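Structure first, commentary second.
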Amino acid sequence: MDTPSSNRCRASRTSCVQPSSTPQSRDSELATPRNPPSLPSPTERLLVAVFPTILIFGAIFSLVSPHTRNAEFDYVTQSHSQTSPPSYFAHKGNVFNRYFVKQGWAWTTGAFLLFALTHPSLRAGSKRAQALARFALVTLWWILVTQWCFGPALIDRGFRLTGGACQALEELVEGDREAAKLEFFTAVTCKAAGGRWAGGHDISGHVFLLALGSGFLMQELGWAVARWAGRGREERAVVMDDGAVKGAGVESAAAFGEGRERGGDKIGFGGKVILAVVGLDLWMLLMTAIYFHTWFEKFTGLAAAILGLYGVYIVPRLVPALVKSAFSKARANGDLLYFQTYVTVLAPASIPFQLRFSPALASKPTAPLPVPNAPKKVFDPFDNPAKELLVAEIQPSHNLVLNKFAIVPEHFILATKDFREQTHLLEESDLAATYACISAYHESVPAGELGSEVGEGELFAFFNSGEFSGASQPHRHIQLLPVSRMREGLEGEEWDVLAKRLVGEVKDLPFTVFAAHIEPGIEGWELREKYLGLYRRACVAVAEWLGREEIAHGAETQTSGEARIRYNLAMTRHALIVCPRLAEGGPVWEGGEVVGKVSLNGTVLAGTALVKNLAEWDSLRHDPDGLLQVLKVIGVPKRYEEKVIEETRADGVLKSSI
Numbered sequence: 001m002d003t004p005s006s007n008r009c010r011a012s013r014t015s016c017v018q019p020s021s022t023p024q025s026r027d028s029e030l031a032t033p034r035n036p037p038s039l040p041s042p043t044e045r046l047l048v049a050v051f052p053t054i055l056i057f058g059a060i061f062s063l064v065s066p067h068t069r070n071a072e073f074d075y076v077t078q079s080h081s082q083t084s085p086p087s088y089f090a091h092k093g094n095v096f097n098r099y100f101v102k103q104g105w106a107w108t109t110g111a112f113l114l115f116a117l118t119h120p121s122l123r124a125g126s127k128r129a130q131a132l133a134r135f136a137l138v139t140l141w142w143i144l145v146t147q148w149c150f151g152p153a154l155i156d157r158g159f160r161l162t163g164g165a166c167q168a169l170e171e172l173v174e175g176d177r178e179a180a181k182l183e184f185f186t187a188v189t190c191k192a193a194g195g196r197w198a199g200g201h202d203i204s205g206h207v208f209l210l211a212l213g214s215g216f217l218m219q220e221l222g223w224a225v226a227r228w229a230g231r232g233r234e235e236r237a238v239v240m241d242d243g244a245v246k247g248a249g250v251e252s253a254a255a256f257g258e259g260r261e262r263g264g265d266k267i268g269f270g271g272k273v274i275l276a277v278v279g280l281d282l283w284m285l286l287m288t289a290i291y292f293h294t295w296f297e298k299f300t301g302l303a304a305a306i307l308g309l310y311g312v313y314i315v316p317r318l319v320p321a322l323v324k325s326a327f328s329k330a331r332a333n334g335d336l337l338y339f340q341t342y343v344t345v346l347a348p349a350s351i352p353f354q355l356r357f358s359p360a361l362a363s364k365p366t367a368p369l370p371v372p373n374a375p376k377k378v379f380d381p382f383d384n385p386a387k388e389l390l391v392a393e394i395q396p397s398h399n400l401v402l403n404k405f406a407i408v409p410e411h412f413i414l415a416t417k418d419f420r421e422q423t424h425l426l427e428e429s430d431l432a433a434t435y436a437c438i439s440a441y442h443e444s445v446p447a448g449e450l451g452s453e454v455g456e457g458e459l460f461a462f463f464n465s466g467e468f469s470g471a472s473q474p475h476r477h478i479q480l481l482p483v484s485r486m487r488e489g490l491e492g493e494e495w496d497v498l499a500k501r502l503v504g505e506v507k508d509l510p511f512t513v514f515a516a517h518i519e520p521g522i523e524g525w526e527l528r529e530k531y532l533g534l535y536r537r538a539c540v541a542v543a544e545w546l547g548r549e550e551i552a553h554g555a556e557t558q559t560s561g562e563a564r565i566r567y568n569l570a571m572t573r574h575a576l577i578v579c580p581r582l583a584e585g586g587p588v589w590e591g592g593e594v595v596g597k598v599s600l601n602g603t604v605l606a607g608t609a610l611v612k613n614l615a616e617w618d619s620l621r622h623d624p625d626g627l628l629q630v631l632k633v634i635g636v637p638k639r640y641e642e643k644v645i646e647e648t649r650a651d652g653v654l655k656s657s658i
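Numbering-wise, full-length UniProt numbering puts 613 at position 613 of the sequence shown, and it's gapless, one number per residue.
Written out as structure tokens, the structure is:
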């Protein structure tokens, strides 16, 4: 095999295998052009176009209709005379305005909740939770714009910034009028005091409410029902972690077109209520366009609504690109160190195992020697992380941070905002946030384009807890690796994430793991129950192997605090794995001499190992059995199988020796 100094290795950016660009170029030529992820899909553009079309039609109608054009118009209130309005809908007291528009968000809320709680396309807990989260974000935007924004709402702030004020009653004396202008900061308080909100540009609250509400409802109804009924194709697109633009398949526990197979009503009663509310929204938007407000006020109201919808529905499609963008920027600026690696695939016990070699890793910066008698302050990279490495905040409890010393490109970390011990049991929020990241990557690729060949849409998450596990920081953090980046340089090599194979199969490798199958839509509390079940079984395994009953005693009821064992955890979209650890690694032998040591962290559950010097690299490539010998000492040996009860499948938890 070639050495790292060979031309073949130098030609490859990250491996000893020369990457081939031909297949990639051919795929690019044949690929169907996708909608830019930063723009609405074609269907969404049609939806958005409905709103300005209605406003333009209403403006034209108000000009060409003699009855409307000749009606008296009050430019202060931006409405027609209420004593002789040109239409029933031009009167502010009409029943639709009083009981529908004025209570518009209540109607939007009711229609959405009825649909979300009853439609079968949202029966999976995660899909319903995601829909409710989007509703919460849209509602927050409605509150900020129309109700309250750390004081006056954005509408009122905009009005005052453009010269508007509360004009008090005519009987106020001149000296009091200025005081009145300063006293009232919102339209509601001004009108309640008998004044007039006049002088500035007032964003149309009616247009904002009607466009935001109908746009939100159509987004929630449209995509869910289209998938359920198996209509059309996925138009939305996202930026993948490797920079590719892919279709955004909406993850669902129900298969595409399942509703079509079942028959019956595809929209449902809740969907019909949404259609009725949207219909009234659009009708009242037309009435507003004809009879109320200036064109500037109407279009600024529409712009505010579209801005909110863009933030909720379009921006999240770019989330996988955040890691790539942050990594590229941080690497270019020298804020992180990327250690390029050579990579090959070994097959100890006939299981493909990825071996990486990073010559530069030996020169990785180390902490300075402590100064005698100096006050000790432990550096915590996850406490107020550097902005150059911060990818995003996951409210309320976690940050996404780039790994400062990356072996795999775009390696990022999910760390708690507040300090939590790495050696304590994981909490529900830790597991839920991790699975949310895994789901976000998967959801950025449609089902037809997912595949193990390139690992697109996959994340491998791992957690190191305690001595021997590979843990290096006391602040709790879970690490995540894009599988597509782990595959780089392995064209033609047979390798896949090991953890994906551990549920339901027994592998002939010499350490024991505990695996649970998980399904999309799993709730955070369910994840934690499975995790605790795996952890408790691992405690029993360690206790029985070491003959130390105190390790297992009390584990069955433990839900928090210091873990009783050292272990690695791995998570993929369908698997949760716990591997108890008894050693960090083992020696590498060559010609009867020890030439190095391999230390393994949670990536061992991905089927990967890392060496730091050429002697280790050459020895293990020439004799893959050397890696097998290392694997024999890191955990509870395979012989443990003879000492434990038969595997239990009732709760979805499986004991496997791999």
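Every residue gets a Cβ at the ideal spot worked out from N, C-alpha and C, and that includes glycine. In this text, all values refer to a predicted model and were calculated from it rather than measured experimentally.
- In this structure, F353 lies away from G586, with their beta-carbon atoms at least 7 angstroms apart.
- As computed with DSSP, M571 is found in a beta bridge with A461 and L576.
- Judged by DSSP secondary structure, C166 falls within the beta strand (DSSP E) whose first and last residues are A165 to Q167.
- Between the segment 336-346 and the segment 403-417 there are three or more C-beta pairs closer than 8 angstroms, enough to call the two in contact.
- In this structure the segment 59-70 touches the segment 271-290; the number of beta carbon pairs closer than 8 angstroms is three or more.
- Between the segment 294-303 and the segment 136-144 there are fewer than three inter-stretch CB-CB distances shorter than 8 angstroms, so the stretches are not counted as touching.
- The C-beta distance from T423 to G470 rounds to 13 angstroms, too long to meet the 8 angstroms contact threshold.
- The Cβ-Cβ distance between F419 and V323 does not fall below 7 angstroms.
- Judged by DSSP secondary structure, A360 falls outside any beta strand (DSSP E); it is assigned neither H nor E.
- The same chain holds no residue with a CB closer than 6 angstroms to that of C149 once the five nearest residues on each side in sequence are set aside.
- In terms of CA proximity to H622, E590 leads the group E590, V611, L610 and N601.
- Positions of the alpha helix (DSSP H) runs, each at least 4 residues long and wholly inside the segment 287-317, are given as 295-313 in order along the chain.
- Assignment of S484 by DSSP, reduced to helix, strand and coil, places it in the helix class.
- Between the segment 386-406 and the segment 529-549 there are fewer than three C-beta pairs closer than 8 angstroms, too few to call the two in contact.
- Per DSSP, E467 has no beta bridge partner at all.
- For E388, the closest alpha carbon among the candidates L336, P359 and A360 is that of L336.
- It is roughly 8 angstroms from the alpha-carbon of Y435 to the alpha-carbon of T572.
- If you draw a straight line from the Cα of H517 to the Cα of A349, it comes to about 24 angstroms.
- Per DSSP, V540 is one residue of the alpha helix (DSSP H) stretching across G524 to L546.
- Just measuring C-alpha positions, the residue of W495, I394 and P580 sitting nearest L546 is P580.
- DSSP places F405 within a strand segment (E or B) once states are collapsed to three.
- Per the coordinates, the alpha-carbon of P482 lies some 40 angstroms from the alpha-carbon of F51.
- For I54, the enclosing alpha helix (DSSP H) starts and ends at P42 to V64.
- For the 7 angstroms CB-CB criterion, F462 and A415 do not form a contact.
- Residue pairing by DSSP places P587 opposite K597 in a beta bridge.
- Note: R128 is not bridge-paired with any residue in the DSSP secondary-structure output.
- Ranked by how close their Cα comes to the Cα of V542, the residues Q558, Y567 and G561 have Y567 in first place.
- Straight through space, the alpha carbons of V312 and V391 are spaced by roughly 18 angstroms.
- Taking all protein chains in view, the Cβ of L46 is surrounded by fewer than 16 other Cβ atoms within 10 Å, so the residue is classified as exposed.
- Taking 7 angstroms as the cut-off, the Cβ atoms of P86 and T68 count as close.
- With a beta-carbon spacing of about 5 angstroms, V497 and F460 fall inside the 8 angstroms limit used to define contacts.
- Sixteen is the threshold: when 16 or more other Cβ atoms of the shown chains lie within 10 Å of the Cβ of K127, as they do, the residue is buried.
- Secondary structure at D380: coil, using DSSP grouped into helix, strand and coil.
- In this structure the segment 596-607 does not touch the segment 523-534; the number of beta carbon pairs closer than 8 angstroms is below three.
- Pairing T512 with V636, the inter-Cα distance amounts to about 6 angstroms.
- Rounded to whole angstroms, the separation of the alpha carbons of G334 and E393 is 22 angstroms.
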